[in-house]
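There are 2 protein chains.
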Amino acid sequence: MPTVPPASKAAGRTAADAPALLERGRTLAMPVLRAAIDRLAPPMDTVAAYHFGWIDTEGRPADGDGGKAVRPALAVLSAEVTGAAPEVGVPGAVAVELVHNFSLLHDDLMDGDEQRRHRDTVWKVHGPAQAILVGDALFALAYEVLLELGTAEAARAARRLTTASRSLIDGQAQDISYEHRERVGVEECLEMEGNKTGALLACASSVGAVLGGADRHTADTLETYGYHLGLAFQAVDDLLGIWGDPAATGKQTWSDLRQRKKSLPVVAALAAGGPASEQLAHILAADAESSDFANFSEEEFAARAALIEQAGGREWTAEEARRQHTTAIEALDTVDMPDRVRDQFTALADFVVVRKR
Amino acid sequence: MPTVPPASKAAGRTAADAPALLERGRTLAMPVLRAAIDRLAPPMDTVAAYHFGWIDTEGRPADGDGGKAVRPALAVLSAEVTGAAPEVGVPGAVAVELVHNFSLLHDDLMDGDEQRRHRDTVWKVHGPAQAILVGDALFALAYEVLLELGTAEAARAARRLTTASRSLIDGQAQDISYEHRERVGVEECLEMEGNKTGALLACASSVGAVLGGADRHTADTLETYGYHLGLAFQAVDDLLGIWGDPAATGKQTWSDLRQRKKSLPVVAALAAGGPASEQLAHILAADAESSDFANFSEEEFAARAALIEQAGGREWTAEEARRQHTTAIEALDTVDMPDRVRDQFTALADFVVVRKR
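Those protein sequence lines, which keep their order, are chains A and B.
Residue numbers 1 to 357, in UniProt numbering, belong to the letters of the first sequence in order.
Residue numbers 1 to 357, in UniProt numbering, belong to the letters of the second sequence in order.
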């Protein structure tokens, strides 16, 4: 059973397109991304190649899974809204991937996260200085890749990328500040997730259209689609972070609970009130003081997950994913585009909510 | 006696203009820079204000000296090359200052430097995460400040800023890698200083002209001026880092020697050959192994400085500053600009080489 049942009526038909769309985005964007990374001076090119999973710690070629590639798929698809070829969106896809990976490099260091995609993080392997430096280089490269096109459209795309970048940074600032707080409200959590995930998916969903010469309304509307899709994406991520199948996600069981993450299900459960909510609050407050937290058993995390579910946090988050998914797809109604392109945006939105990893 | 005698014939006349030009740059750029920083979400606005010296660690207003403000002075002056008002260069001045300060925040953390401008560095006061995050925010803001102008000129300025930013990052990568090496060649040192200091001064010296609609030759030539001025600036900095008057520089005596910095005088002395050079190499190799280095006496550092001077490192660096200063001013010959503006570029170049701090 999918974590969140697809909300779009056409899901049965369109969901089948998603893997092909993801593959197309990957195929178009990857060589350009690799060429951009090749521009970096040593040792930054090597550190970046390790981060992307293209080589291992010894510098031997590796076959990183490259992630889900939702952003490149959206970027090249959005070019087609304007009647342009998907290739027109490629520099935008690459710029967005560079900004995303800049944020991963820096966030992993700031958060002290030692693992990403089943591998040691860059700061762990190459040291904090390289994580900072290569993150900076990817960020600069993102603007270079767009602005070297030298067109008015590229300048507009870069302008929108600054907005997304600043939101990303704001979201990380909120994430850091929330860590030190006992209680975080549902609205605060959604705002943070909108900044960390929504803003860049908004940019990905519109950047190809902007490069294809879309008018402001079209670009803004595609951003709205992407923003809400980002919130749906993150809600599903938060569900998988607790109840995901380790074999599919590649993460530990109860992963987010082990990290004491104040994710949406937790925050919603705490805000719900009632006996399970109060008991959960009591337990999490004690956990925060516990020096033995790292050694908690499977059963202890399972008990916390059960309380979150009893308090309604799981169902609320699944419902939120459906709401955001619906809002995303509805946003597309006000923009003129070929039916095929609209169906494909829907297919990608469906993929985001039914995925298991 | 100035560290390096001014090379420009007109120095006697024009040098008097430099303080007024620096003051004008500061007056025009500062309010816009402050308004840009005000856009940052808390606590990043506060951390940035601390970094710029506008508030102290307790958040009380402070009167930071704001640095020499050579870059803003160059940026607004460069606008006048095109016949535009100096104000036209202001967004460029602000963007360059933001990129410069982004690099200071990150470099201080990477290098573990605990002091800057007589104050604890941001990572020391607010922690590494805030230094990374606020650096990132300043970097994003730099592109935002330019691209929100929405003009073709601003897009071209932003494109040139990506080049400068990438050089800056390359220079820091070189600086880090040189630290782990016993020997660094003079050419390598100059390349690193060109990346770290030259590229951003090149951008500062041309950005106002680009915003004023300068053609490519004019912009490139102003970049050449700025690049060589940056190398002159850095050569003087390297002299002051060893022989500067602590009362003027605000740094410790023999500051760069205490930090084992492979600056230009050291590298040139080691490359010179001869008895003093060999003795210096011998001593520095021993210093690198010494566990007691932190407790070395004034006399021990003075002896090293004397050897650098005997081997010719001091004179070579002063000569290099003069050469770069001359190359910078000569570059201006191929560009048409009002005599007053040309004199003022010369005045700022003279200031850079005669300054004592």
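Glycine residues also receive a C-beta, built at the ideal position from the N, C-alpha and C atoms.
Can you check whether the C-beta of A140(A) is within less than 8 Å of a C-beta belonging to chain B?
Working through the first sequence from its first residue, we reach residue 140(A) at position 140. So yes, A140(A) belongs to the interface.
On the premise that P91(B) lies in contact with L161(B), defined as a C-beta separation below 8 Å, what is that separation, rounded to the nearest angstrom?
Taking the second sequence and counting its residues from 1, one reaches residue 161(B) at position 161. Taking the second sequence and counting its residues from 1, one reaches residue 91(B) at position 91. No, L161(B) and P91(B) are not in contact; Cβ-Cβ is about 11 Å, not under 8 Å.
List the residues of chain B whose Cβ lies closer than 8 Å to the Cβ of H106(A), in chain order.
Mapped onto the first sequence, residue 106(A) falls at position 106. Those within 8 Å of H106(A) in chain B are I132, L133, D136.
Does any residue of chain D bring its CB to less than 8 Å from the CB of E223(B)?
The structure shown has no chain D; the protein chains it does contain are A and B.
Closer than 8 Å, Cβ to any Cβ of chain B: which residues of the segment 179-211 of chain A, in chain order?
Hits within the stretch: zero.
Using the Cα positions of R26(B) and W243(A), report the straight-line distance between them to the nearest angstrom.
If you number the second sequence from 1, residue 26(B) lands on position 26. If you number the first sequence from 1, residue 243(A) lands on position 243. Rounded to the nearest angstrom, the two C-alpha atoms are 56 Å apart.
Please tell me whether A281(A) and L264(A) are closer than 8 Å, where the distance is taken between their beta carbons.
Here residue 281(A) is taken as the residue at index 281 of the first sequence, counted from 1. Here residue 264(A) is taken as the residue at index 264 of the first sequence, counted from 1. Contact flag unset, no.
Short check: CB of A93(A) to CB of R117(A), under 8 Å?
Here residue 93(A) refers to the residue found at position 93 when the first sequence is read from its first residue. Here residue 117(A) refers to the residue found at position 117 when the first sequence is read from its first residue. Not closer than 8 Å, so no.
For H51(B), count the other beta carbons within 10 Å of its own beta carbon; 16 or more makes it buried, fewer makes it exposed. Which is it?
Locating residue 51(B) in the second sequence gives position 51, where the first residue counts as 1. Its Cβ being crowded by 16 or more others within 10 Å, H51(B) is buried.
Per DSSP, P275(B) forms a beta bridge with which residues?
Taking the second sequence and counting its residues from 1, one reaches residue 275(B) at position 275. Bridge partners of P275(B): none, in fact.
Measuring only the C-alpha atoms, how far is I308(B) from S297(B)?
Counting from one through the second sequence, the residue named residue 308(B) turns up at place 308. Counting from one through the second sequence, the residue named residue 297(B) turns up at place 297. Their backbone Cα atoms lie some 17 Å apart in a straight line.
Going by DSSP, which residues form a beta bridge with R116(B)?
By one-based count along the second sequence, residue 116(B) stands at place 116. Paired residues: R119(B).
Say whether chain B places a C-beta atom closer than 8 Å to the C-beta of I37(A).
Here residue 37(A) refers to the residue found at position 37 when the first sequence is read from its first residue. It does not: the Cβ of I37(A) has no partner Cβ on chain B nearer than 8 Å.
Answer yes or no: do L211(A) and E153(A) have a C-beta to C-beta separation smaller than 8 Å?
By 1-based counting over the first sequence, the position of residue 211(A) is 211. By 1-based counting over the first sequence, the position of residue 153(A) is 153. Against a cut-off of 8 Å, the Cβ pair of E153(A) and L211(A) comes out as a contact.
Taking contact to mean at least 3 C-beta pairs separated by less than 8 Å, is the segment 162-171 of chain B in contact with the segment 191-201 of chain B?
With the cut-off at 8 Å, the segment 162-171 of chain B and the segment 191-201 of chain B touch.
When the Cα atoms are used, what is the spatial distance from E319(A) to L231(A)?
Taking the first residue of the first sequence as 1, we reach residue 319(A) at position 319. Taking the first residue of the first sequence as 1, we reach residue 231(A) at position 231. Those two C-alpha atoms are separated by around 12 Å.
Check the Cβ-Cβ distances between Q172(A) and every residue of chain B, and say whether any is below 8 Å.
If you number the first sequence from 1, residue 172(A) lands on position 172. Yes, its Cβ sits closer than 8 Å to a Cβ of chain B.
Use the C-beta contact count for K262(B): other C-beta atoms within 10 angstroms, 16 or more gives buried, fewer gives exposed.
For the purposes of this step, residue 262(B) is taken as residue 262 along the second sequence, with counting starting at 1. When all chains shown are included, K262(B) counts as buried.
So which residues of chain B does Y50(A) contact, with C-beta pairs closer than 8 Å?
The residue given as residue 50(A) occupies position 50 in the first sequence. The premise fails here: Y50(A) is roughly 15 Å from chain B at the closest Cβ pair, so nothing lies under 8 Å.
Looking only at DSSP bridge pairs, what is I55(B) linked to?
What you label residue 55(B) is simply residue 55 of the second sequence in a count that begins at 1. DSSP, once it has assigned bridges, lists P61(B) as partnering I55(B).
Whose C-beta lies closer than 6 Å to the C-beta of L77(B) among residues of the same chain, with five residues either side of it excluded?
Here the question's residue 77(B) lines up with position 77 in the second sequence. Around L77(B): Q344.
Checking contacts by CB at 8 Å: is E148(B) closer than that to chain A?
Taking the second sequence and counting its residues from 1, one reaches residue 148(B) at position 148. Closer than 8 Å: yes.
With distance defined between alpha-carbon atoms, name the residue in A18(B), A41(B), W54(B) nearest to R34(B).
For the purposes of this step, residue 34(B) is identified with residue 34 of the second sequence, where counting begins at 1. That would be W54(B), whose Cα lies nearest to the Cα of R34(B).
Taking the Cβ atom as the reference point for each residue, do L40(B) and A48(B) lie within a distance shorter than 8 Å?
Looking up residue 40(B) in the second sequence gives position 40. Looking up residue 48(B) in the second sequence gives position 48. In contact: L40(B) and A48(B) (Cβ atoms closer than 8 Å).
On the CB-based measure, 16 or more other CB atoms within 10 Å of its CB, does H180(A) come out buried or exposed?
Here residue 180(A) is taken as the residue at index 180 of the first sequence, counted from 1. By the 10 Å Cβ count, H180(A) comes out exposed.
G89(B) by DSSP, collapsed to three states: which one?
For the purposes of this step, residue 89(B) is taken as residue 89 along the second sequence, with counting starting at 1. The answer is helix: DSSP assigns G89(B) an H, G or I state.
Quick check on the DSSP output: the alpha helix (DSSP H) that includes Q310(B) runs from which residue to which?
The sequence position of residue 310(B) within the second sequence is 310, counting from 1. Segment 298-310, the alpha helix (DSSP H) holding Q310(B).
Would a check of beta-carbon distances place L33(A) closer than 8 Å to chain B?
Along the first sequence, one-based indexing puts residue 33(A) at 33. Chain B contact via Cβ: absent.
For T334(A), count neighbouring C-beta atoms within 10 Å of its own C-beta (all shown protein chains included) and say buried if the count is 16 or more, exposed if not.
Here residue 334(A) corresponds to residue number 334 of the first sequence, with the count starting at 1. When all chains shown are included, T334(A) counts as exposed.
Quick check on the DSSP output: the alpha helix (DSSP H) that includes S167(A) runs from which residue to which?
Start at 1 with the first residue of the first sequence, and residue 167(A) comes out as number 167. From DSSP, the alpha helix (DSSP H) with S167(A) extends over 152-179.
Using CA atoms only, rank isn't needed, just tell me which of A302(B), G135(B), P128(B), D45(B) is closest to D256(B).
Here residue 256(B) refers to the residue found at position 256 of the second sequence. Closest option to D256(B), Cα to Cα, is A302(B).
I'd like to know if A95(B) contacts chain A, where contact means its C-beta is closer than 8 Å to some C-beta of that chain.
Translated into the one-based positions of the second sequence, residue 95(B) becomes position 95. Answer no: the Cβ-Cβ gap between A95(B) and chain A never drops below 8 Å.
Using a beta-carbon distance below 8 Å, is L98(A) in contact with chain B?
The residue labelled residue 98(A) in the question sits at position 98 within the first sequence. No, L98(A) does not count as interfacial toward chain B.
Just to confirm before moving on: does the CB-CB distance between R342(A) and L332(A) stay below 8 Å?
Looking up residue 342(A) in the first sequence gives position 342. Looking up residue 332(A) in the first sequence gives position 332. Yes, they are a contact pair.
Quick check: is the beta carbon of T162(A) nearer than 8 Å to any beta carbon in chain B?
As a working note, residue 162(A) is residue 162 in the first sequence. Yes, because at least one Cβ of chain B sits closer than 8 Å to the Cβ of T162(A).
Tell me whether the beta-carbon of L74(B) lies closer than 8 Å to the beta-carbon of G226(B).
What you label residue 74(B) is simply residue 74 of the second sequence in a count that begins at 1. What you label residue 226(B) is simply residue 226 of the second sequence in a count that begins at 1. Yes, Cβ-Cβ distance for L74(B) and G226(B) is below 8 Å.
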